[in-house]
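Colleague: Position one of the first sequence corresponds to residue 302 (the numbering used here), numbered consecutively onward. Glycine included, every Cβ here is placed at the ideal spot set by N, Cα and C. Owing to the predicted nature of the structure, the values given are computational and were not obtained by experimental measurement. Got a structure for you, written out below as C-alpha cells; questions coming shortly.
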Amino acid sequence: MDIFADFSARIAKALKGLFPDAQNIDTLLQRATVEPPREASHGDISSNVAMVCAKALNTNPRDLAASLKEVLSSDQDIKSIDIAGPGFLNFKLADHVWHKVLAALLEAPDDFGRSNGGSGEKVNVEFVSTNPTGPMHVGHTRGAVFGDALASLLQFSGYDVTREYYINDAGAQVNVLAQSAYLRYRQAHGEKNVEIPAGLYPGKYLIPVGEALASEFGDALLDKPEAEWLPLVKPRVLSAMMDLIRHDLSLLGVTHDKFFSESELHKEKMQGENSIIAQTLESLREAGLVYQGTLEPPKGKAPEDWEDREQTLFRAKKFGDDTDRPLIKSNGDYTYFAADIAYHRDKFLRGFNDQIIVLGADHSGYTKRLQAAVKAVSEGKASIDVKICQIVRLMRDGKPFKMSKRSGDLVTVSDVVGEVGRDAVRFMLLFRRNEATMDFDFAKVKEQTRENPVFYVQYAHARANSISRTASKDMPDLDISEAALQRANIALLTTESEVEVLQMLAQWPRLVGAAPRAHEPHRIAFYLYDLAGVFHGFWSKGKLDPSLRFVNREQPELTKARLAMVGAVKQVLALGLGVLGVSAPDELS
RNA sequence: GGCCCCGUAGCUCAGCUGGAUAGAGCAACGGACUUCUAAUCCGUAGGUCGCACGUUCGAAUCGUGCCGGGGUCGCCA
C-alpha cells in the first residue's frame, strides 16, 4: 500500500472531474509529483500538480489548486489542505490513514512494499565478470555487492531477474594462466629451479592447481610440447579459478544464475558452422554496420607505435559512440569487443531487452560502445544501462592502505570479509551512490557506535526484538503473538512520536518502488538508516517520559498497539536489509 | 587533447530524475542525564550547492563554457 500512489490517483481523478473534456491530462500528470515534503510543516503529502497543469488547462496554478482543494476536501482521509507558495497543494492526513498503512503491513508483512512495478519483465544484470586468473581482490567487491543488491531490489519490485557472469576465458591471458599453472605442475614434481617469470601469474593460489595436475597426470605432461599439454591444462586451471571465485562470491553472499563462457562464442558449434561471433558480424555486415577503414590516432598522447592501418570496423559512431571500433586484431583474431557484441546479441536473443551491466571505474570508457552494440544488435529494441562503480580506497585509521601488487598477493575478498564481516562490507559499500568514490576504513567499519551505520541499523532490528522479549517478561499474561498483534487496537497510536514512525513506514513502499526504477540500491540503505533513526529516537524518549515506553503495564491495549508498531519497524528493517543482502540479527553479539 | 565520474556545512555524505526557508551524521559550542528499556539525550551555530552565463513560474538538479580532483584513451580483457 503506497499512500503516495494512492493520493496521486485521487488527485488525478479530481482533476479529470474538473476538466472532463481535456484530453491531455494523463500526459500532464506524468510530470506531476505527489511526495512527502522536505519540510514537515508543509504537511504529510505535497503535490505540484496545479503548477504543472495550469498552463495547459488555461488557468493559473493558484486557481487550479483552489478548485482541487474544494473537490478533495470532502475526502475523509484528508484532515486539511493548504495552498502554499506558487501553487503547492499541501495535505495533512487523518491519523487513520497511517493506521491503515500499519494494518496493511501487519496483514501481509512479507509483501509490504512489494509492488508489481516490474510486472514480470525480464532483466539481465551482469556483474563481477572478473577474469578467471585468480581469486577476487577488493577492487571487485563493490561491483559484486552492488550488482547483487540491485538484482534483489529489482526482484522485490517484480522483475524477472537473471544474475549473470561473463567468463573471459578466451583471450591470451588464459593461456598465460595455463602456462603459470604448468610451471607449478613442474614444481609439484620437485623441480627446484623452476621460477615463475615476469609476465606470468606468480600467485600462490596456483600451487594447489599444479599439485592437482601432478596427481592427475603424474609425469605424463613433463615431456610433452605446449601444444599438447595446453588443451589439458587450460580447462582444469580455469575450472579451479572459477571455483576460487565462486567461493569468494559466496563469502560475500553473492550468487549468479548463469555463468556465460566467452569461449562458447568462438566455437564452431558444428562442423563447418560459423561461430556465434562470425554470425553476429555477418548480421551486422548485412545491416551495413561493418566496413574496412582507418581510425584517427588518439589525440594528445601520440603513441610511437601507432600504425595507420586499414581494419575491420563497427560503426559505433552511428549509435552515439565517439569513434568506430575495431572488430579484428592485426593477427586475425577477433577483438574482445567483437566477442562482446556477440555476447550482448545473445542476451538480446534470450529475451533481454532490458539489460544492466555493472563495471568498475577503469572500464567507464567502455560504456558508449557497449550501448552502441546493444542498440545495433537489437535494432534499437534493447538497451543497456551501464552502472559504473567508482574506486574504493582502503583505509586503516584514516590512512590509506598500501597494497603490494608485486607478489601477486593483493588484498583479497576473503581478507576483507574475514576482518570486518560480510554484513559490514555489504552495507558500507551500499551506503554510498555507486558513482561516488569512497573510502573504506577498516577501523570505522568495525566500530559498534552510532557513527557506524551498519551497527546502527542492525541494532535497531535487535532492539525491536529485545522490546518484545522485555514485554513477555514484564507482562507475561499479555498475548503478544503475531495473530494477537494483528488484532491490536492500533488506533491508539496517536502521539507525535508514534505517527512519525508510522509515516516513516509508509514511505517504504514508495521508496522501494522508485529505487529499482532508478537502479539505485543505495537509497534503501539510507532509508534504513533514517528509519532506524526515528525508531531509536522514540525509544530514547521513553527514557525521559515513561508514558512513551513501548511496554506499559498499566496499559495493556496500548502496549499491544505499540508492539504491533515495533514489529512493523522490525519487519521493514528486515525487508530492507534482506534486499541489501545484510543479515537482520535478533541480538547483537 | 577527447570521453566518463566527482565538486553541497570544518569533515564524511544525502538531496527521491525541476519545487517551497538546501538536509543528516561526526567535529564545535551550550545544556540535560548518572542507569530507569541495551552501546546517552536535547538544543545552538555553521552554506555564494566549484565559477559564469543560459533554459522557466521555479535550478544543487537540465544546457553551454571554464576551474579543480579522479579514471580512461586502436590490435588488454
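1) If we call anything under 8 Å between Cβ atoms a contact, is L731 one with F457?
2) Can you determine whether any heavy atom of the ligand ADP sits closer than 7 Å to the C-beta of P777, and answer yes or no?
3) Within its chain, find whatever has a CB closer than 8 Å to the CB of S684; leave out the 5 residues flanking it on each side and keep chain order.
4) For the candidate residues K380, T668, E529, whose alpha-carbon lies nearest to that of L394?
5) Is I346 helix, strand or coil by DSSP?
6) Closest by CA to D307, which one among M739, R332, M729, K401?
7) Take V659 as the anchor and find which of D376, F428, R464 has the nearest alpha-carbon.
8) Taking all protein chains shown into account, do 16 or more other C-beta atoms lie within 10 angstroms of the C-beta of L585, making it buried, or fewer, making it exposed?
9) Could you name each continuous alpha helix (DSSP H) segment of 4 residues or more that falls completely within the region 328-400, going from the start of the chain to the end?
10) How big is the Cα-Cα spacing for A865 and L786?
11) Look at the Cβ atom of W530, then the Cβ atom of L522, and state whether they are nearer than 8 Å.
12) Under three-state DSSP, which class holds I657?
13) By Cβ distance, which residues of its chain are closer than 8 Å to T463, with the 5 residues on each side in sequence left out?
14) Tell me the rounded alpha-carbon separation between K706 and A513.
15) Taking L779 as part of the alpha helix (DSSP H), name the residues at either end of that continuous run.
16) Ordered along the chain, which non-local residues of its own chain (more than five positions away) have a Cβ less than 7 Å from that of F744?
17) What do you get for S708, buried or exposed, if any count of 16 or more other CB atoms within 10 angstroms of its CB means buried?
18) Just reading off the alpha helix (DSSP H) that S798 is part of, what are its end residues?
19) Taking all protein chains shown into account, decide if M805 is buried (16 or more other Cβ within 10 angstroms of its Cβ) or exposed.
20) Grab me the residues of T860's own chain with a C-beta within less than 6 Å of its C-beta, minus the 5 sequence neighbours each way, in chain order.
21) Classify Q324 as helix, strand or coil using the three-state DSSP reduction.
22) Select from V350, A357, V372, P337 the residue whose C-alpha is nearest the C-alpha of L319.
23) What residues in its chain sit with their C-beta under 7 Å from that of W840, if we drop five residues either side in the sequence?
24) Could you give the first and the last residue of the continuous alpha helix (DSSP H) run that contains I768?
25) Quick check on the burial criterion: 16 or more other C-beta atoms within 10 angstroms. Buried or exposed for I468?
26) Could you tell me how far apart the beta carbons of I642 and V678 are, in whole angstroms, since I believe they sit closer than 8 Å?
27) Contact check, V746 vs V721 under 8 Å by CB: the rounded distance?
Modeller: Quick answer:
1) no
2) Among the ligands in the structure shown, none appear at all, so the ligand ADP cannot be discussed.
3) N654, D655, Q656, Q672, V675, K676
4) K380
5) strand
6) K401
7) F428
8) buried
9) 350-354, 362-373
10) 5 Å
11) yes
12) strand
13) K423, V424, N425, V426, D558, K559, F653
14) Interpretation of K706 is limited by its pLDDT of 49, a score under 50 that renders its predicted location unreliable; the figure taken from the coordinates is listed afterwards. Roughly 26 Å separates the two Cα atoms.
15) It is not in any alpha helix (DSSP H) - L779 carries neither H nor E in the DSSP assignment.
16) According to the sequence displayed, residue 744 carries Ala and not Phe. Excluding positions up to five away in sequence, the list reads R697, D698.
17) Only weak support exists for where S708 lies, its pLDDT of 48 falling under 50; the value from the coordinates is given anyway. So S708 counts as exposed.
18) 797-819
19) buried
20) V852, N853
21) coil
22) V372
23) R764
24) 754-775
25) buried
26) 6 Å
27) 5 Å
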